[in-house]
Amino acid sequence: MANIVLLLNNKFTTPAVEFADGHDYISTNRNVLFGHHFAAIAAAGPLVGPVLAAQFGYLPGALWILIGCV
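Start counting the sequence shown at 1; every next residue gets the next number (the UniProt record's numbering).
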């Protein structure tokens with residue numbers, strides 16, 4: 001389904017490969033890129049949970065941490 005919807009094809013290149021100049025466009029390791037994306041998404045749970053606990057009490061903050069981090 002991803003091949004149909006997203007038009008995935010190996011003949012297409014990413015901008016990092018197509019416009020590689022060593023400064024603005026640099027291709028990176030897939031594992032490093034995954035780590036950056038995962039960290040950006042997963043970081044909100046532990047940061048927002050204590051703020052919610054301070055503002056609204058213990059239960060909403062604890063639920064945010066438990067549901068958001070698992």
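Each residue gets a CB set at the ideal place from its N, CA and C atoms; glycine is no exception.
Where does LEU52 sit, in a helix, a strand or coil, going by DSSP?
helix
Between the Cα of ALA43 and those of GLY68, PHE19, ALA53, ASN29, spot the shortest distance and give me the residue it belongs to.
Nearest C-alpha to ALA43 among GLY68, PHE19, ALA53, ASN29: GLY68.
Exposed or buried, which one is GLY35 when buried takes at least 16 other CB atoms within 10 Å?
Looking at its Cβ environment, which holds fewer than 16 other Cβ atoms inside 10 Å, GLY35 is exposed.
Taking the C-alpha atoms as reference points, what is the distance between LEU8 and MET1?
10 Å
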